[in-house]
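As they're listed, the protein sequences go chains C and L. Residues 4 to 355 (the working numbering) are what the first sequence spells out, left to right. Residues 4 to 355 (the working numbering) are what the second sequence spells out, left to right. Quick reminder that beta carbons are idealized off the backbone N, C-alpha and C, glycines included. Just below is one structure, and these are the notes that go with it.
There are 2 protein chains.
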Amino acid sequence: MGKNQKTNHTDVNTLGEFGLIEHLTRNFALNNVSSIKGIGDDAAVLNANDEEVLLVSTDMLVEGIHFDPAYTPLKHLGYKSIVVNVSDIYAMNGTPTQVTVSIAISNRYSVEALDELYAGILLACEKYDVDLVGGDTTSCPKGMTISVTALGRAKQGQVSYRSGAQVGDVICLTGYLGAAYLGLQILEREKQIYLENPQIQPDLDNASYLIESILKPEAAKDSVDYFHKHGITPTSMIDVSDGLASELFHIAKQSNVGLYIEEVNLPIHQETQLKAISFNIDPLTCAMHGGEDYELLFTINPKDLEKVKYMPDVYMIGDIVEADQGLKLHTSGGNIKNLVAQGWQHFRDEKS
Amino acid sequence: MGKNQKTNHTDVNTLGEFGLIEHLTRNFALNNVSSIKGIGDDAAVLNANDEEVLLVSTDMLVEGIHFDPAYTPLKHLGYKSIVVNVSDIYAMNGTPTQVTVSIAISNRYSVEALDELYAGILLACEKYDVDLVGGDTTSCPKGMTISVTALGRAKQGQVSYRSGAQVGDVICLTGYLGAAYLGLQILEREKQIYLENPQIQPDLDNASYLIESILKPEAAKDSVDYFHKHGITPTSMIDVSDGLASELFHIAKQSNVGLYIEEVNLPIHQETQLKAISFNIDPLTCAMHGGEDYELLFTINPKDLEKVKYMPDVYMIGDIVEADQGLKLHTSGGNIKNLVAQGWQHFRDEKS
Numbered sequence: 004m005g006k007n008q009k010t011n012h013t014d015v016n017t018l019g020e021f022g023l024i025e026h027l028t029r030n031f032a033l034n035n036v037s038s039i040k041g042i043g044d045d046a047a048v049l050n051a052n053d054e055e056v057l058l059v060s061t062d063m064l065v066e067g068i069h070f071d072p073a074y075t076p077l078k079h080l081g082y083k084s085i086v087v088n089v090s091d092i093y094a095m096n097g098t099p100t101q102v103t104v105s106i107a108i109s110n111r112y113s114v115e116a117l118d119e120l121y122a123g124i125l126l127a128c129e130k131y132d133v134d135l136v137g138g139d140t141t142s143c144p145k146g147m148t149i150s151v152t153a154l155g156r157a158k159q160g161q162v163s164y165r166s167g168a169q170v171g172d173v174i175c176l177t178g179y180l181g182a183a184y185l186g187l188q189i190l191e192r193e194k195q196i197y198l199e200n201p202q203i204q205p206d207l208d209n210a211s212y213l214i215e216s217i218l219k220p221e222a223a224k225d226s227v228d229y230f231h232k233h234g235i236t237p238t239s240m241i242d243v244s245d246g247l248a249s250e251l252f253h254i255a256k257q258s259n260v261g262l263y264i265e266e267v268n269l270p271i272h273q274e275t276q277l278k279a280i281s282f283n284i285d286p287l288t289c290a291m292h293g294g295e296d297y298e299l300l301f302t303i304n305p306k307d308l309e310k311v312k313y314m315p316d317v318y319m320i321g322d323i324v325e326a327d328q329g330l331k332l333h334t335s336g337g338n339i340k341n342l343v344a345q346g347w348q349h350f351r352d353e354k355s
Numbered sequence: 004m005g006k007n008q009k010t011n012h013t014d015v016n017t018l019g020e021f022g023l024i025e026h027l028t029r030n031f032a033l034n035n036v037s038s039i040k041g042i043g044d045d046a047a048v049l050n051a052n053d054e055e056v057l058l059v060s061t062d063m064l065v066e067g068i069h070f071d072p073a074y075t076p077l078k079h080l081g082y083k084s085i086v087v088n089v090s091d092i093y094a095m096n097g098t099p100t101q102v103t104v105s106i107a108i109s110n111r112y113s114v115e116a117l118d119e120l121y122a123g124i125l126l127a128c129e130k131y132d133v134d135l136v137g138g139d140t141t142s143c144p145k146g147m148t149i150s151v152t153a154l155g156r157a158k159q160g161q162v163s164y165r166s167g168a169q170v171g172d173v174i175c176l177t178g179y180l181g182a183a184y185l186g187l188q189i190l191e192r193e194k195q196i197y198l199e200n201p202q203i204q205p206d207l208d209n210a211s212y213l214i215e216s217i218l219k220p221e222a223a224k225d226s227v228d229y230f231h232k233h234g235i236t237p238t239s240m241i242d243v244s245d246g247l248a249s250e251l252f253h254i255a256k257q258s259n260v261g262l263y264i265e266e267v268n269l270p271i272h273q274e275t276q277l278k279a280i281s282f283n284i285d286p287l288t289c290a291m292h293g294g295e296d297y298e299l300l301f302t303i304n305p306k307d308l309e310k311v312k313y314m315p316d317v318y319m320i321g322d323i324v325e326a327d328q329g330l331k332l333h334t335s336g337g338n339i340k341n342l343v344a345q346g347w348q349h350f351r352d353e354k355s
């Protein structure tokens, strides 16, 4: 036995989340005629009929990683679990139609707690016009895990992939960035204060906009409805879940282009600006790397610019350039910097 | 504060798994035109095109509940996670086409461990002709949770629901029952012996058939291929995941019929018979309540009986009768007993 080598143990963190997915799925191919696009975009694309394709996306929310039950109302959690999934369908220029919801729960959760969770799920299903059509309910040794799969439809030829950005396209966003990250910082701060001294009442600083951004985000339904109404197909699109910088890297890599972002054009809400400064964080960092904003990042052919201008919420933040020009940020101070992808670190230490 | 009532805490076990799902989803309706059938069958049924419907099913496997890493090779686990999901598609008389796989893993799992898991997933995808088209990969504080969603297609008008059994139909099974349950008992016994004395080598008693039944089950693809080739549509169908008795109750309830089962016709493998006796368990109990067999239970109009007879694996175990006759078992001893649903208890105590 002494001569046997110990089985290799490579920490998953060494690959990063995207690297790990690429590594694990490298041997899988698409063999079914109904599979149009598999892994690597916000949703998979499958054949449905002559007019439509089917979109499929799935996301998992894990207690202790994606949410902290200490400050996450279960109704908000249920709502959010649907929102983050339909957001992926919108990011393909699609319309969500159905969801399945699977939950693993420890016996710490009562029927009443689950009623709250499902009240939030119902609210989101009604808001986003999706039907709950299936799921699984099981126990688990500890905590809660929610796994949602969203199904949607898009018109044939009108799917926006991450790979379609062209040189000369304008880069747009459907709303503000960085608020969810700061909302999370506020909740974490108040939790620490409470743990150290349960007598002190939480000081939420009238920060309802920031806190709602993390606890009860909305998906950019109105923007996609606008696209459909006005016959606009973004040349590429992705939702901002891991942070703007990370999403820009996805677009640039998959479209094989470079890009140029104007810092002064980045939409950062005044409350986000002020709170970031009070936390001694650069507001730009919140916008670039905060994540969980669930706005849509998309690129538009200049011919569609006139229509896009009149969207209720749209911010033009830069341009697509040749790949060899790289990914650049023109700072408000007048400098040109290379963009850096950071994103959230999803793999943490096992807790006992 | 003293007058405030404590928030109610109703234990989820009081409702049972099926009761809990019914309770939580009671306020949800199907509003989309593309939603044909939602919760309550092996898979949801959605509109695809004039020839086909789309089938969607999802299942979660949780470490410590559905599998024990002490005796579950990860490659087998990956394989099984796909099998249990495609089995639900077959149970609708459909053909599985795509899967998504989401995993939450603690840092106890290395890249090499995940490679094993995905090798099993790949093997099953190849065996069952399904494409892996998406998923999510995240960390969790402890253990592993696997959530798979399977998509499939069925011909319009050829979907087998649980609700279609008619009086006079013949009740059939595609294979043996009870082996997976006994395989699990063997593995649990060996684990206990090992924990008490790690020097003792596992005594698996040449029980490879039983152990393989729990660790690496197969779905009844060949049976459904036979249905399609011979133009047979079972009047109702369900896969045996929770135990034959539990599935018979689903068919009877949703079809509003009674049924009559012949014990002597229940397919129980000789190894299952012998091992059950050595464990002092009635083989009938293993067959009726063991679960995880992943065979198909289906009902057939007598006109199709001639074709069904020549299926490679088929056992005719009873008949559909009027609802007021209830669910009866004609025992091999000549008695008539009422069937009792038992199934697996999925909600257990939270472990620290």
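Kindly indicate if chain C contains any beta-carbon less than 8 Å away from that of Gly123 of chain L.
-> Chain C contact via Cβ: absent.
8 Å Cβ cutoff, His12 of chain L in contact with chain C = With 8 Å as the cut-off, His12 of chain L counts as an interface residue toward chain C.
Under 9 Å (Cβ pairs) to chain L, residues found in the region 82–113 of chain C = Listed in sequence order: Thr100, Gln101, Thr103, Val104, Ser105, Ile106, Ala107, Ile108, Ser109, Asn110, Arg111, Tyr112, Ser113.
Report the neighbours of Leu287 of chain C on chain L: residues whose CB is nearer than 9 Å to its CB, in chain order.
-> Listed along chain L, no residue sits closer than 9 Å to Leu287 of chain C by beta-carbon distance, the nearest being about 27 Å off.
Buried versus exposed, by CB contacts within 10 Å (16 or more), Arg29 of chain L | Result: exposed.
Report yes if the C-beta distance between Val170 of chain L and Glu54 of chain L is below 8 Å; otherwise report no.
-> With contacts defined as CB atoms closer than 8 Å, Val170 of chain L and Glu54 of chain L fail to qualify as a contacting pair.
CA-to-CA distance, Thr140 of chain C to Leu23 of chain L, given in whole angstroms | The straight-line gap from Cα to Cα measures roughly 8 Å.
Determine contact between the region 287–302 of chain C and the region 217–233 of chain C, defined as no fewer than three beta-carbon pairs at a distance below 8 Å.
-> Verdict: yes, contact present.
Around the Cβ of Gly160 of chain L, are there at least 16 other Cβ atoms within 10 angstroms (buried) or fewer (exposed)?
-> Under the 10 Å beta carbon count, Gly160 of chain L is surrounded by fewer than 16 other beta carbons and is classified as exposed.
Just the Cα atoms here: how many angstroms apart are Phe252 of chain L and Thr103 of chain L?
-> Using only the alpha carbons, I get a separation of about 30 Å.
If we count Cβ pairs, one from each stretch, closer than 8 Å, do we get three or more for the region 284–294 of chain L versus the region 237–255 of chain L?
-> Yes, the region 284–294 of chain L touches the region 237–255 of chain L.
Given a limit of 8 Å on CB to CB distance, which residues of the region 138–156 of chain C reach chain L?
-> Those would be Gly138, Asp139, Thr140, Thr141, Ser142, Cys143, Pro144, Lys145, Gly146, Thr148, Ser150, Thr152, Leu154, Arg156, in chain order.
Looking at Ile254 of chain C and Ala168 of chain C, is the spacing between their C-beta atoms short of 8 Å?
-> Between Ala168 of chain C and Ile254 of chain C, the CB-CB gap stays under 8 Å.
Compare the C-alpha of Ala279 of chain L against each of L:Glu266, L:Ile149, L:Ser216, L:Gly181 and name the closest.
-> Here the closest residue by C-alpha is L:Gly181.
Distance between Leu77 of chain C and Gly19 of chain L (C-alpha atoms, nearest Å) = Approximately 21 Å between the Cα atoms of the pair.
Where Glu295 of chain C sits in the DSSP three-state scheme | In the structure shown, Glu295 of chain C sits in coil (DSSP, three-state: anything other than H, G, I, E or B).
Between the CA atoms of Leu330 of chain L and Asn259 of chain L - distance to the nearest angstrom | Straight-line Cα distance between these residues: approximately 11 Å.
Output, in chain order, the set of chain C residues within a Cβ distance shorter than 9 Å of Cys175 of chain L.
-> Per Cβ cutoff of 9 Å: no residues; Cys175 of chain L is ~26 Å from chain C at best.
Per DSSP, the bridge partner or partners of Tyr263 of chain C = According to DSSP, which records beta bridges pairwise, Tyr263 of chain C is partnered with C:Asp322, C:Lys331.
Give the residues from the region 17–34 of chain C that approach chain L closer than 8 Å (Cβ to any Cβ), ordered along the chain.
-> If the cut-off is 8 Å between Cβ atoms, the region 17–34 of chain C has Thr17, Leu18, Glu20, Leu23, Ile24, His26, Leu27, Thr28, Asn30, Phe31, Ala32, Leu33, Asn34 near chain L.
Closest by CA to Tyr179 of chain L, which one among L:Gln328, L:Pro315, L:His333?
-> When each option's Cα is compared against that of Tyr179 of chain L, the closest is L:Pro315.
Under 8 Å by Cβ, that's how I've got Tyr263 of chain C and Gly321 of chain C pegged, so tell me the actual separation to the nearest angstrom.
-> At roughly 5 Å, the Cβ-Cβ gap stays under 8 Å, so Tyr263 of chain C and Gly321 of chain C are in contact.
What residues in the region 44–69 of chain L have a beta carbon less than 8 Å from any beta carbon of chain C?
-> Identification of residues in the region 44–69 of chain L having a C-beta nearer than 8 Å to some C-beta of chain C yields Ala46, Ala47, Leu49, Ala51, Asn52, Asp53, Leu57, Val59, Ser60, Thr61, Asp62, Met63, Val65, Glu66, Gly67, Ile68, His69, given in sequence order.
Output, in chain order, the set of chain L residues within a Cβ distance shorter than 8 Å of Ile241 of chain C.
-> Within 8 Å Cβ-Cβ: nothing; Ile241 of chain C doesn't reach chain L, min ~15 Å.
Is the distance from the Cβ of Ile214 of chain C to the Cβ of Leu198 of chain C below 8 Å?
-> Cβ distance not < 8 Å, so Ile214 of chain C and Leu198 of chain C don't count as in contact.
Quick one, which of C:Leu126, C:Lys40, C:Lys310, C:Gln276 has its alpha-carbon nearest Ala183 of chain C's?
-> Among C:Leu126, C:Lys40, C:Lys310, C:Gln276, the Cα nearest to that of Ala183 of chain C is on C:Gln276.
Name the DSSP bridge partner or partners of Ser60 of chain C?
-> In the DSSP output, where bridge partners are listed per residue, Ser60 of chain C has C:Ala153.
Which residues in the same chain have their Cβ closer than 7 Å to the Cβ of Asn96 of chain L, if we skip the five residues on either side of it in sequence?
-> Correct list, in chain order: Ala157, Gln161, Val162, Ser163, Val227, Phe230, Thr236, Pro237, Met240.
First and last residue of the uninterrupted alpha helix (DSSP H) at Ala248 of chain C | Element bounds for Ala248 of chain C: 247–258.
Tell me whether Ala222 of chain L sits in a helix, a strand or coil according to DSSP, three-state version.
-> Correct three-state label for Ala222 of chain L: coil.
Excluding five sequence neighbours on each side, which residues of the same chain lie with their C-beta closer than 7 Å to the C-beta of Lys145 of chain C?
-> Here the set comprises Ser109.
DSSP-derived helix/strand/coil call for Gln101 of chain L = Annotated three-state conformation of Gln101 of chain L is strand, per DSSP.
Output the boundary residues of the beta strand (DSSP E) element that contains Thr140 of chain L.
-> Per DSSP, Thr140 of chain L belongs to the beta strand (DSSP E) from 134–142.
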